[in-house]
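*Asks:*
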Amino acid sequence: MSATKRRNRNPDQPRARRNTRAEQTESFANRVKLHRRIARGSASRLLETPASSLVTLFVVAVALLLPALLFGLNSNLASLLAGFQDSAQVTLYLQDGVSEVDGQEVSESLLTRIDIEDAYYVSPSQALEEFSAASGLEDLLQEMATNPLPGAIVLTPADVSPAAVDELARQLQELPQVDVVQVDSLWLQRLAAISNLVSAIGSVLAVIVILGLFFVVGNTIKLAIENRKAEIRVIKLVGGSDMYAARPFLYTGLLYGLGGGILATLLQGLVLTTFNSNLEVLMQLYESDFQLRGFGFRSALLIVVAGAAIGWAAALMASLRHIRAINP
Amino acid sequence: MIKFDSVSKRYADGREALSDISFEVSRGEFAFITGHSGAGKSTLLKLILAMEAPSSGQLIANGVNLNRISATQIAHHRRQIGTVFQDHQLLHDRSVYDNVALPLEICGYQPNDAARRVRAALDKVGLLKKEKSFPEALSGGEQQRVGIARAVVNRPSIILADEPTGNLDPGLSAEVMKVFQQFQSVGVCLLVASHDAALIERLNCRTLVLKDGKLLADQKPRPSL
Ligand SMILES: Nc1ncnc2c1ncn2[C@@H]1O[C@H](COP(=O)(O)OP(=O)(O)OP(=O)(O)O)[C@@H](O)[C@H]1O
Ligand SMILES: [Mg+2]
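Chains A and B, in that order, are what the protein sequence lines are. Just so you know, we're using full-length UniProt numbering here: the first sequence kicks off at 1 and counts up by one. Just so you know, we're using full-length UniProt numbering here: the second sequence kicks off at 1 and counts up by one.
#1: For a cutoff of 9 Å on Cβ pairs, would you count GLY257 (chain A) as touching chain B?
#2: Counting pairs of Cβ atoms below 8 Å between the region 157 to 170 of chain A and the region 115 to 127 of chain A, do you hit three or more?
#3: Exposed or buried, ASP196 (chain B), counting other C-beta atoms within 10 Å across all chains shown (16 or more means buried)?
#4: Label LYS46 (chain B) either buried or exposed according to how many other C-beta atoms from any shown protein chain fall within 10 Å of its C-beta, with 16 as the threshold for buried.
#5: According to DSSP, is GLU117 (chain A) part of a helix, a strand, or is it coil?
#6: Which complete alpha helix (DSSP H) runs does the UniProt domain "ABC3 transporter permease C-terminal" (204 to 321) of chain A hold, if anything under 4 residues is left out?
#7: Closer than 7 Å by C-beta to TYR251 (chain A): which residues in its own chain qualify, once you throw out the five before and the five after it? Chain order, please.
#8: Does DSSP classify GLU175 (chain B) as helix, strand or coil?
#9: In terms of alpha-carbon separation, which member of B:GLU105, B:GLY57, B:GLU201 lies closest to SER19 (chain B)?
#10: Under the assumption that ILE153 (chain A) contacts LEU111 (chain A) (Cβ atoms under 8 Å), give the Cβ distance between them as a whole number of angstroms.
#11: Just to make sure I have the definition right: I need the residues of chain B whose C-beta is within less than 9 Å of the C-beta of TYR244 (chain A). Which are they?
#12: Scan the region 133 to 164 of chain B and note each continuous beta strand (DSSP E) run of 3 residues or more that stays entirely inside, going in chain order.
#13: Hey, MET177 (chain B) and LEU160 (chain B): beta-carbon distance below 9 Å or not?
#14: Within the present structure, is the beta-carbon of residue 227 (chain B) separated from the nearest heavy atom of ligand 1 by less than 8 Å?
#15: Would ARG78 (chain B) and LEU59 (chain B) be called neighbours here (beta carbons separated by less than 9 Å)?
#16: So, do the region 29 to 37 of chain B and the region 254 to 262 of chain A have three or more beta carbon pairs nearer to each other than 8 Å?
#17: Whole angstroms are fine: how far does the CA of ASP212 (chain B) sit from the CA of GLY38 (chain B)?
#18: In terms of DSSP beta bridges, what is ASN65 (chain B) paired with?
#19: Taking only heavy atoms of ligand 1 into account, decide whether any of them is closer than 8 Å to the Cβ of residue 227 (chain B).
#20: Measuring CB to CB, does ALA120 (chain B) end up less than 9 Å from ARG324 (chain A)?
#21: At least one CB of chain A closer than 9 Å to the CB of ASP218 (chain B): is that the case?
#22: Per DSSP, what are the beta-bridge partners of CYS189 (chain B) in this structure?
#23: Quick check: what's the CA-CA separation for HIS126 (chain B) versus THR56 (chain A)?
#24: Would you mind giving the Cβ-Cβ distance between VAL209 (chain A) and LEU66 (chain A), rounded to the nearest angstrom? I have them listed as a contact below 8 Å.
#25: Between ILE81 (chain B) and chain A, is the shortest Cβ-Cβ distance under 9 Å, so that the two count as touching?
#26: Starting from the beta carbon of SER241 (chain A), find every residue of chain B whose beta carbon is closer than 7 Å, and list them in chain order.
#27: Reducing DSSP to helix, strand and coil, say where ASP20 (chain B) ends up.
#28: Going by other Cβ atoms of all chains shown within 10 Å of its Cβ, with 16 needed for buried, is GLN171 (chain A) buried or exposed?
#29: Compare the C-beta of MET177 (chain B) with all C-beta atoms of chain A and state if any pair is closer than 9 Å.
#30: Could one say the Cβ of LEU102 (chain B) lies closer than 9 Å to chain A's Cβ atoms, at least one of them?
#31: Under 9 Å, do residue 229 (chain B) and LYS229 (chain A) count as touching if we go by C-beta distance?
#32: With hydrogens ignored, establish whether the beta-carbon of LYS41 (chain B) is closer than 8 Å to any heavy atom of ligand 1.
#33: My parser needs the beta strand (DSSP E) runs of 3 or more residues fully inside the region 159 to 183 of chain A; what are they?
#34: Counting only beta-carbon separations shorter than 9 Å, does ALA224 (chain A) have a partner in chain B?
#35: If you draw a straight line from the alpha carbon of VAL62 (chain A) to that of LEU69 (chain A), how long is it in whole angstroms?
#36: Given that a residue counts as buried once 16 or more other Cβ atoms are within 10 Å of its Cβ, and exposed if not, what is LYS33 (chain A)?
Following this line, the structure appears as structure tokens:
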């Protein structure tokens, strides 16, 4: 190549390329433009076969919905549990012989313990008053010669976890003034155990679902690659890398995951509204205004993002494997 | 630039398509490969493009040892080579323009830079007016010329052409050869498989003659008078 030729080189004129020539660098804007075009191409390909695309989308959505519902249910259970635990109380019924002054004293000494948040003494007469007011049996109770109710100390544990409450109850039972310790923690424990079980099932299910999604999306991508074998062969022949050939399929996987995730959140909303209207009737019976929650914007976003990520990763694995196998 | 050293190629069915081929083509050299149908011309080009691996012997092209080449190296190697395929190998769902732009897109050219190069390449093969057509709507000769435009668009250092003028009339064949010679004059190494004895005779280039997979003759161009 002579120097003169090089000087008045027309850009359209052929020129031998040096082997070390660095490949043209892409500007960011061009890269975005290119990727937008590839994504549009992938989307329009999905629309070319609407029926099968929709089936895949629906399968992805249902697969995402199952663990999402389970985790949602569990977070509700947990918050329900926390609500009850906040009001967890332990009642110490004192021995008959303990005077009001002694009872007061015990109550105050309990306040100094770090594992007790709050404690107050209820004298037998206060207990009677409260009971008669609450029960509406004032007339009957006034006719009784002696007060049958013992003095009591009502306390709130600092740590409301079932194990801590049980331990506290055991220790307080040792006090000489205490007759009976009453804790209603057994059903709390059961609820907590159920909550743990639900979350364990949710985790196992999530793993199964991720594997299933890899299979479903991977298989769809495999078919798509099979249909475009000739095109991939040409791309490889003119020097396109496997990753370059895979790009449209990565978008296909991403779109399936994204679309499936969005569909899953819509379905979840539907399930939730149905549940809540039934729940309302139930909760009215308990005079509670409890509502299923935790299916808000953040969890919806999580489902969509997780779906998109799984779809993309599944497509990456499948496409690289199947594209590598195509030898022109 | 391309060096065959006792290269043999045996296909999976055990038939030897090339046996003990040795020759060398350097920068700025234009060589024809000729021989009967089934002589091994396409196989020889496929070896250079790493579409097939040599069964024995040493093969080096563009400084790359093709006996030991990884998948990513293959992609990079092919980007330096412009190839005209015997069966065109066009993308049927893309326009002529997009087909020719493919190598540039793979290399990440800027769109307007790419557009200039694509139009220049299409102009060289006389297909500027067909840039929006799809390959199906083109004649065999036009498809062949799209393949030629795609082969030269990325200013390769090696051009391999398998029967590039098979579907072209003598006038167009001469045009295409002129394009090839332009590339030769700037140092590109060209290897063109062809049956066209008249064309080969007229161009007076180096000619490798294959017969049943063997290199029968390596004819140097006649000295010009
Ligand atoms: N993939 C393959 N598997 C097995 N044998 C093959 C394969 N490709 C080619 N061959 C055989 O190798 C020999 C050379 O084939 P090749 O395609 O190189 O011939 P050619 O010179 O290009 O012929 P033509 O002029 O008809 O294109 C032929 O006998 C052919 O049958
Ligand atoms: Mg051939």
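Quick reminder that beta carbons are idealized off the backbone N, C-alpha and C, glycines included. Here the structure is a predicted model, which is why all the values come from computation and not from measurement.
*Replies:* To lay it out plainly:
#1: What you label residue 257 (chain A) is simply residue 257 of the first sequence in a count that begins at 1. No, its Cβ sits nowhere closer than 9 Å to a Cβ of chain B.
#2: yes
#3: The count along the second sequence starts at 1 and reaches residue 196 (chain B) at position 196. Label assigned to ASP196 (chain B): buried.
#4: Start at 1 with the first residue of the second sequence, and residue 46 (chain B) comes out as number 46. Classification of LYS46 (chain B): buried, given that the 10 Å Cβ count is 16 or more.
#5: For the purposes of this step, residue 117 (chain A) is taken as the residue at position 117 of the first sequence. Strand, per DSSP.
#6: 229 to 237, 242 to 285
#7: Counting from one through the first sequence, the residue named residue 251 (chain A) turns up at place 251. Cβ neighbours of TYR251 (chain A) beyond the five flanking positions: ILE38, ALA39, SER42.
#8: The residue given as residue 175 (chain B) occupies position 175 in the second sequence. Note: GLU175 (chain B) maps to helix in three-state DSSP.
#9: On the second sequence, position 19 is the one that residue 19 (chain B) refers to. Checking every option, the nearest Cα to that of SER19 (chain B) belongs to B:GLY57.
#10: As a first step, residue 153 (chain A) is located in the first sequence; it is residue number 153 there, counting from the start. As a first step, residue 111 (chain A) is located in the first sequence; it is residue number 111 there, counting from the start. At roughly 10 Å, the Cβ-Cβ gap does not stay under 8 Å, so ILE153 (chain A) and LEU111 (chain A) are not in contact.
#11: To locate residue 244 (chain A), count along the first sequence from 1; it is residue 244. Ordered by position in chain B, the residues that pass the 9 Å Cβ test against TYR244 (chain A) are ALA75, GLU105, ILE106.
#12: 158 to 162
#13: Position 177 of the second sequence holds residue 177 (chain B). Position 160 of the second sequence holds residue 160 (chain B). Going by C-beta atoms, MET177 (chain B) is not nearer than 9 Å to LEU160 (chain B).
#14: It is not possible to answer for residue 227 (chain B), since the shown part of chain B is limited to 1 through 225.
#15: Residue mapping note: residue 78 (chain B) aligns to position 78 of the second sequence, counting from 1. Residue mapping note: residue 59 (chain B) aligns to position 59 of the second sequence, counting from 1. Not closer than 9 Å, so no.
#16: no
#17: What you label residue 38 (chain B) is simply residue 38 of the second sequence in a count that begins at 1. What you label residue 212 (chain B) is simply residue 212 of the second sequence in a count that begins at 1. Taking the straight line joining both Cα atoms gives about 7 Å.
#18: Sequence index remark: in the second sequence, residue 65 (chain B) carries index 65 (1-based). BP columns for ASN65 (chain B) point to B:ILE60.
#19: Any question about residue 227 (chain B) goes unanswered here, given that chain B covers just 1 to 225.
#20: The residue you call residue 120 (chain B) lines up with position 120 of the second sequence. The residue you call residue 324 (chain A) lines up with position 324 of the first sequence. Taking 9 Å as the Cβ cut-off, ALA120 (chain B) and ARG324 (chain A) do not qualify as a contacting pair.
#21: Sequence index remark: in the second sequence, residue 218 (chain B) carries index 218 (1-based). Closer than 9 Å: no.
#22: Residue mapping note: residue 189 (chain B) aligns to position 189 of the second sequence, counting from 1. Looking at the DSSP assignment, CYS189 (chain B) forms a beta bridge with B:ILE158.
#23: Residue mapping note: residue 126 (chain B) aligns to position 126 of the second sequence, counting from 1. Residue mapping note: residue 56 (chain A) aligns to position 56 of the first sequence, counting from 1. With the sequence shown as reference, residue 126 (chain B) is identified as Gly, and His is not the correct amino acid for it. So the alpha carbons of these two residues sit roughly 46 Å apart.
#24: Numbered from 1 along the first sequence, position 209 holds the residue referred to as residue 209 (chain A). Numbered from 1 along the first sequence, position 66 holds the residue referred to as residue 66 (chain A). Contact holds; Cβ gap of about 6 Å.
#25: As a position in the second sequence, residue 81 (chain B) is number 81, starting the count at 1. Closer than 9 Å to some Cβ of chain A, the Cβ of ILE81 (chain B) qualifies, so yes.
#26: Translated into the one-based positions of the first sequence, residue 241 (chain A) becomes position 241. Chain B residues near SER241 (chain A): THR72, ALA75.
#27: Indexing the second sequence from 1 puts residue 20 (chain B) at position 20. Strand.
#28: Along the first sequence, one-based indexing puts residue 171 (chain A) at 171. Its Cβ having fewer than 16 others within 10 Å, GLN171 (chain A) is exposed.
#29: On the second sequence, residue 177 (chain B) is found 177 positions in, with the first residue counted as 1. No - not a single Cβ of chain A is within 9 Å of the one on MET177 (chain B).
#30: Within the second sequence, residue 102 (chain B) is the residue found at index 102, counting from 1. So yes, LEU102 (chain B) belongs to the interface.
#31: Outside the displayed span of chain B (1 to 225) sits residue 229 (chain B), for which this structure offers no information.
#32: Residue mapping note: residue 41 (chain B) aligns to position 41 of the second sequence, counting from 1. Indeed, a heavy atom of ligand 1 lies less than 8 Å from the Cβ.
#33: 178 to 183
#34: What you label residue 224 (chain A) is simply residue 224 of the first sequence in a count that begins at 1. No, its Cβ sits nowhere closer than 9 Å to a Cβ of chain B.
#35: By one-based count along the first sequence, residue 62 (chain A) stands at place 62. By one-based count along the first sequence, residue 69 (chain A) stands at place 69. Cα-Cα distance, rounded: 10 Å.
#36: Locating residue 33 (chain A) in the first sequence gives position 33, where the first residue counts as 1. With fewer than 16 Cβ atoms within 10 Å of its Cβ, LYS33 (chain A) is classed as exposed.
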